[in-house]
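What follows is a single structure, written as structure tokens, with notes after it.
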Amino acid sequence: MLDQNYSRVEAARSLGLNSNMLGRWVAEHRDGDAQAFRGNGKLSPDQEEIRQLKAQVKNLRMEKEILKKATVFFAKETK
């Protein structure tokens, strides 16, 4: 859009995007924001941290369930 002198509306229409979204991306690009074009599974640092924390919570819940089951098993063994 910037190099070929398309208007924002023309470029957005040809790409099947909302012109406001394209305008935001252009503004982020001009500001030097490395996160302007994340796409393709590239997460922002905050999103990546949330993904990692969710995975950690999932693992901790699994470990807790395993420990509960082990406690029940060993309690039965000692009787």
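The numbering of the sequence shown is my numbering, which starts it at 16 and goes up by one.
By construction, the Cβ of each residue, glycine as well, lies at the ideal position given by its N, Cα and C atoms.
Since the structure is predicted, the reported quantities are computational estimates derived from the model, not experimental observations.
Practice prompt. Counting only the same chain and skipping the five closest in sequence on each side, list residues whose C-beta sits under 7 Å from that of Asn35.
Written response: If you number the sequence shown from 1, residue 35 lands on position 20. Excluding residues within five positions, none has a Cβ falling inside 7 Å.
Worksheet entry | Three-state class that DSSP yields for Gln67 in the structure shown | As a working mapping, residue 67 is identified with position 52 in the sequence shown. It is helical.
Worksheet entry | Own chain partners of Gly38 with C-beta closer than 6 Å, once the 5 adjacent residues on each side are dropped | Taking the first residue of the sequence shown as position 1, residue 38 is located at position 23. For Gly38, where only same-chain residues beyond five positions count, the Cβ hits under 6 Å are Arg23.
Worksheet item: Helix, strand or coil: which one does DSSP assign to Leu159?
Response: Nothing in the structure corresponds to residue 159, since the chain is present only between 16 and 94.
Practice prompt. Under 8 Å Cβ to Cβ from Met77, same chain only, skipping five residues before and after it: list those, please.
Written response: As a first step, residue 77 is located in the sequence shown; it is residue number 62 there, counting from the start. In its chain, beyond the 5 residues on either side, no residue has a beta carbon closer than 8 Å to the beta carbon of Met77.
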